C-alpha cells in the first residue's frame, strides 16, 4: 500500500546559486517530485541574498522555506529525506542521475560581494 501524501502542496521558496552542484541537487529533487517553487538567485540579485539571510539567519545556500519550515544550507539528499519524512511527498522512482550532494565546481574560489552604494 502506498502512503498518501498531503493533498495541498506547500509554498516553496528556494534561495540558490544559478550554477552550483548543491543547488542543482536541490532542483533535481524538487523536479523529481513535481514540486513548484520560487527559485531566487542569490548571486545576481543582492536583495534575494539579503532576504535569505533574514529568513534563515545564516549566509549559506541552498536554503529553502517550505510552508512554515526553514531548511538552511541543505543538500538534495537532505531535502529528499526531509520531504519524505515530513510526508510532503511519497517515494518515486526516477532515472535522473543528477548528483544530489555535490559542491560547486568553483566552490574553493569565493567571490567578493558588496551591497549598497
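Residue numbers (my numbering): 4 to 120. Even glycine gets a Cβ: it sits at the ideal position worked out from N, Cα and C. These figures come from a predicted structure and were not determined experimentally.
Judged by their CB atoms, residue 33 and residue 46 are not nearer to each other than the 9 Å cut-off. Looking from the CA of residue 26, the closest CA among 75, 61, 72, 65 belongs to 65.
Under the three-state reduction of DSSP output, residue 32 falls in the helix class. In this structure, the CA atom of residue 38 is about 11 Å from the CA atom of residue 11. For the 9 Å CB-CB criterion, residue 82 and residue 74 form a contact. The beta carbons of residue 31 and residue 67 sit no closer together than 9 Å.
Within the segment 54 to 104, the complete alpha helix (DSSP H) runs of at least 4 residues fall at 79 to 88.
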